[in-house]
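So the sequences go chain by chain: A and B.
With this note's numbering as the guide, the letters of the first sequence map in order to residues 1 to 529.
With this note's numbering as the guide, the letters of the second sequence map in order to residues 530 to 622.
Where is the CB? At the ideal position from N, CA and C, for every residue including glycine.
Each remark here refers to the structure printed beneath this line.
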Amino acid sequence: MADDRPRFALQDLEGETRAFPTGRRSLVCFVKEDCQTCNLVAPIVETFHRAYGAVSDILFVGQALQGNRILAERHHLTAPILDDSKCEVSFAWDFEIVPSIYWTDGQGRVQARADGFVREEWRALAAKMAMDLGAEPIDIDWETLPAWRPGCGSKHLDPEINDRLQADATGSPIRARRIEIATSDDVAEFMFDQGFSDGLPLVPPTPERVMRMLAGTPRGAQDLVAVSPPNMGLATVEKIAINAVMAGCKPEYLPVVIAAVEAVCTDEFNIHGVNATTMGASPVIVVNGPIRGRIGMNMKLGALGAGNRANATIGRAVRLVIRNVGGARPGGVDRSTLGNPMKITMCFAEWEEGSPWEPLHVERGFKPEDSVVTVFGMTSGPVQIVDQESREPDQVAGSLGLGLEAVFLPKMHRMQTDTLLVVCPEHVRSLTSQGEYSKARLRRRIQTVTSRPLREMIANEVSGAGIPLAVAAKMDSEKLDAPVPKFAGEENIHIVVAGSEAGKFSAAFHGWVTGEMGSSVVSRKIEWD
Amino acid sequence: MTVTILDPTDERVPIERQITTRPAAITGVVGLLDIAKPRGNVLLDELERLLAARLPGVELRRYRKPTFTKPAPGDLRLKMRSECNFVVEALAD
Chain A
1 MADDRPRFAL QDLEGETRAF PTGRRSLVCF VKEDCQTCNL VAPIVETFHR
51 AYGAVSDILF VGQALQGNRI LAERHHLTAP ILDDSKCEVS FAWDFEIVPS
101 IYWTDGQGRV QARADGFVRE EWRALAAKMA MDLGAEPIDI DWETLPAWRP
151 GCGSKHLDPE INDRLQADAT GSPIRARRIE IATSDDVAEF MFDQGFSDGL
201 PLVPPTPERV MRMLAGTPRG AQDLVAVSPP NMGLATVEKI AINAVMAGCK
251 PEYLPVVIAA VEAVCTDEFN IHGVNATTMG ASPVIVVNGP IRGRIGMNMK
301 LGALGAGNRA NATIGRAVRL VIRNVGGARP GGVDRSTLGN PMKITMCFAE
351 WEEGSPWEPL HVERGFKPED SVVTVFGMTS GPVQIVDQES REPDQVAGSL
401 GLGLEAVFLP KMHRMQTDTL LVVCPEHVRS LTSQGEYSKA RLRRRIQTVT
451 SRPLREMIAN EVSGAGIPLA VAAKMDSEKL DAPVPKFAGE ENIHIVVAGS
501 EAGKFSAAFH GWVTGEMGSS VVSRKIEWD
Chain B
530 MTVTILDPTD ERVPIERQIT TRPAAITGVV GLLDIAKPRG NVLLDELERL
580 LAARLPGVEL RRYRKPTFTK PAPGDLRLKM RSECNFVVEA LAD
C-alpha cells in the first residue's frame, strides 16, 4: 500500500497548473461527471477539502473538461478539479473504477485507498485522514449514505482511448517514425502523395489501430520477420502491422500476413525477381488449415474474386509490405510490361472439405491441423477452363490439360514453369464419379493430352517462337517426332479445390520461371495460437 | 490538432548519390560484367575486342552473375570492387 504514485502536473478550471506530489498529505480522487457514484462522493470530498484544505491538498482529477465544469457547478466545489481529459494520468495510475481515491503522504506514497463507494471504507478513510493530520474527525452523517454503490469503468479503459494511451506510453511497443498530418491536410490524399498506396485508398495507420493490429499476433512488435528486397528493408512485425492496417486487415489476419511475408522474402521464392521481371509476376497466396474458418476466408463461391475482406486484404497487405518496406514500385524495380491485378491482391483458401484429395499443405509435408500459407510466383490468372459437356473422368482431366496449353504460348512445351490449377467442385465430382481419381493420375493425364511432337515447336511462318530453324536442322526425325508434354515435370502442376458447387468452370494460374533462376513455391506454417 | 500516422516504409533516409569523378585516362583493370541474360556475351565479346585494340595497356577481365533475375552475390561484388578500376555492365536481350 506504500507504493509511489506517478507524478503529474495538470491544470485546474482556472488554468493554474497543479503538481503532484505536493509536499503535503494529499487526497486524490479520480472522477467523471456521468458516473452516479462519483456524484455521490463529490460532496464528501468537498467536505474533506473545507475541513482539511489548509493543512493538506484535496484534489479532484476529472476525465472530461466539460464534465469537470458541470461537476464543479452542480456540487458547488471549491476543491480544485484538475483536467485529465487526455486520461494520461488515469492511465499512468492504472486503476479500473471511478471514483478512485488515494490518500498519500507528501511524497506521493499511498496511505489509504478506495474505489467505488463502500460506506465503511470511506468512514475508515475519513478517520485515517483525521488521525494522520492530527485533526478532529469530520462530522458526516454516514448513516444517511448508502452502504454500497459500485463505481463506473474509468474512461481511460475505453478501447479507443486505451489503445492510444498504450501506443504513447513509455513501454509502448511502437518504434516507427510518427508522421504528423495537419488538420488542413486530407489524410487519404496525404498518403497517396507519399506513395504509400497501390492506387486504392488506404486506412490511416494511426498508433491506436496499429496497437490493435499487434494484438493479433503473439510475436513481439520488433521481431524481424524478413528482409525485403529490393531495398533490403527490415520487415518487423510492427512494419507489417502498419501495412496490414493500411490494407484494411483485421488483427486476426495478421499471423497470415506475417507468414506470407516470410515466405515471399525467401531466396527460393525470390520476390526480387518476381517484382522485377518484365513478364509481370506476383505472389498468389493460398491458405490451408483451421485458420481459414477462424478468420472467415472465402474458399467457395467467388473464392478468387471480390467481396471477402480476409482474402482481399491479406493479399493486399503482403503487396504493401513489399512496396513500402521493400521499396518495389512500378516504374522503379517493378518493371512489368503490363502488370496484372494480382499485383494489388491475390489470396484465397483451399476448400479442403470439398476435396477428395490431400489438401495442398499436407501434400507439402505439413499436418492437417497446421495452418499454412503457400506462395506461388504467378504471371497470369485466374484463367478459366470451361468444360460443361464432359462426363467421363478422363475427359474432364483431358480438358483441364488442354486448358493449360495456353501457359506462356500454346506452342511452347516442356516448360520449366509452375502452374496452380484450381479445380471447381463440379469438375471434382465428374473426375471422381467412377471412383478414386488421384492427383497423380490427373497430373499424368495433363502431361499426356498436352504431349505434341517436337517438330510442332519449330519456328515457322505462323509464329517465330520456339525451336530456331538452325537448331531443328541438327535434329533427326526420331527426335523431332518424339512427343513432348507441356510441363518439364509433373511436380510443376499444383492442384487445389475451390469454388461454388454450381458451375463447371475450373481455373489456372500460369507461372513464371521455376527453380534456381526464377521462383519456387514456398510454404510457411502460420503461428496464430 | 493533427492526425498522427505511423511510417509504413523502411524509413531509409534518401541519400543523394554522386557519380564518381571521371579520370582523364583509362588505366589498370576494366571489368566486363555479364549479367547472364541471353546475348550479353555477344555484346561483351565485341566490346572486349574494341577495348583491347584501343587500350593496349589496360587489362580486361570478365565477370558473370549466376542469374540476371537476382542481385549479384556479395562475394562477386566484393571481388569486382577490389580488382577493378572500371566496370562495364552489359544488359543485352
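Residue i, buried or exposed, once every other Cβ within 10 Å from all chains shown has been counted against 16
i      : result
H76/A  : exposed
S463/A : exposed
P543/B : Its pLDDT being 47, under 50, P543/B is placed unreliably in this model, and the value from its coordinates should be taken loosely. So P543/B ends up on the exposed side.
P341/A : exposed
P146/A : exposed
W512/A : buried
G15/A  : exposed
K128/A : exposed
T374/A : buried
G403/A : buried
S399/A : buried
S184/A : exposed
S438/A : exposed
E238/A : buried
N298/A : buried
D223/A : exposed
R546/B : Reliability fails at R546/B, whose pLDDT of 47 lies under 50, so the model's placement of it is uncertain and the value that follows must be treated cautiously. Under this definition R546/B is an exposed residue.
K474/A : exposed
E262/A : buried
Short CB-CB distance (under 8 Å) between residue i and chain A
i      : result
D536/B : yes
T596/B : yes
E540/B : yes
Neighbour flag for residue i against chain B, beta carbons, 8 Å
i      : result
R178/A : yes
H272/A : yes
N243/A : yes
D269/A : The sequence given here places Phe at residue 269/A; Asp does not occur at that position. Judged by the 8 Å Cβ criterion, F269/A is not in contact with chain B.
I495/A : no
L537/A : Nothing in the structure corresponds to residue 537/A, since chain A is present only between 1 and 529.
K343/A : no
S520/A : no
I295/A : no
L234/A : yes
V210/A : yes
F196/A : yes
T266/A : no
L320/A : yes
V237/A : no
T517/A : Here the sequence assigns Met to residue 517/A, which means Thr is not the residue at that position. M517/A counts as touching chain B.
Contacts of residue i in chain A (Cβ-Cβ under 8 Å)
i      : result
P600/B : P229, P230 and H272
Interface partners of residue i on chain B, CB under 7 Å
i      : result
K250/A : Neighbours of K250/A on chain B: none; closest Cβ ~18 Å, over 7 Å.
M246/A : P537
P207/A : T533 and L535
A182/A : T531
Rounded distance between the beta-carbons of residue j and residue i, thought under 8 Å
i      : j      : result
M246/A : P602/B : Contact flag wrong, Cβ pair sits at about 34 Å.
R149/A : G106/A : No, R149/A and G106/A are not in contact; Cβ-Cβ is about 31 Å, not under 8 Å.
G248/A : T206/A : About 14 Å; that fails the 8 Å criterion.
L65/A  : D94/A  : With 8 Å as the limit, L65/A and D94/A do not qualify as a contact, their Cβ atoms being about 22 Å apart.
V559/B : V532/B : Not a contact, Cβ separation roughly 54 Å.
W531/A : I44/A  : Since the first residue of chain A shown is 1 and the last is 529, residue 531/A is not available in this structure.
T419/A : F509/A : 7 Å
Neighbour list for residue i in chain B, Cβ cutoff strictly below 8 Å
i      : result
P204/A : V532 and I534
D285/A : Reading off the sequence, residue 285/A comes out as Ile, not Asp. Correct list: empty, because the minimum Cβ distance to chain B is about 19 Å.
N324/A : P537, T538 and D539
F487/A : By Cβ distance, chain B contributes nothing, its closest Cβ being about 20 Å from F487/A, past 8 Å.
V187/A : V532 and I534
T277/A : T598
Contact list for residue i against chain B, beta-carbon separation under 9 Å
i      : result
I174/A : L535
G327/A : T538, D539 and R541
Any non-hydrogen atom of the ligand FMN within 7 Å of residue i CB
i      : result
E180/A : Absence of the ligand FMN from the depicted structure is noted, as is the absence of any ligand whatsoever, leaving it without description.
Below 8 Å, can you find three or more Cβ-Cβ pairs linking the segment 215–233 of chain A to the segment 325–335 of chain A?
Yes, the segment 215–233 of chain A touches the segment 325–335 of chain A.
Are there three or more Cβ pairs, one per stretch, closer than 8 Å when the segment 392–399 of chain A is compared with the segment 421–432 of chain A?
yes
Taking contact to mean at least 3 C-beta pairs separated by less than 8 Å, is the segment 154–163 of chain A in contact with the segment 81–91 of chain A?
yes
Check whether the segment 448–467 of chain A touches the segment 374–385 of chain A, taking contact to mean three or more Cβ pairs, one atom from each stretch, closer than 8 Å.
The segment 448–467 of chain A vs the segment 374–385 of chain A: no contact.
Taking 8 Å as the threshold, find out whether the segment 127–144 of chain A comes into contact with the segment 49–60 of chain A through three or more Cβ pairs.
yes
Using a Cβ distance threshold of 8 Å, determine whether the segment 404–417 of chain A contacts the segment 562–571 of chain B, with at least three qualifying pairs required.
no
Okay, do the segment 207–220 of chain A and the segment 249–265 of chain A touch, 3+ Cβ pairs below 8 Å being the bar?
yes
Count the CB pairs spanning the segment 519–526 of chain A and the segment 443–453 of chain A that are closer than 8 Å, and state whether there are at least three.
no
The segment 254–274 of chain A touching the segment 351–366 of chain A, judged by at least three CB pairs closer than 8 Å:
Not touching, per the Cβ criterion.
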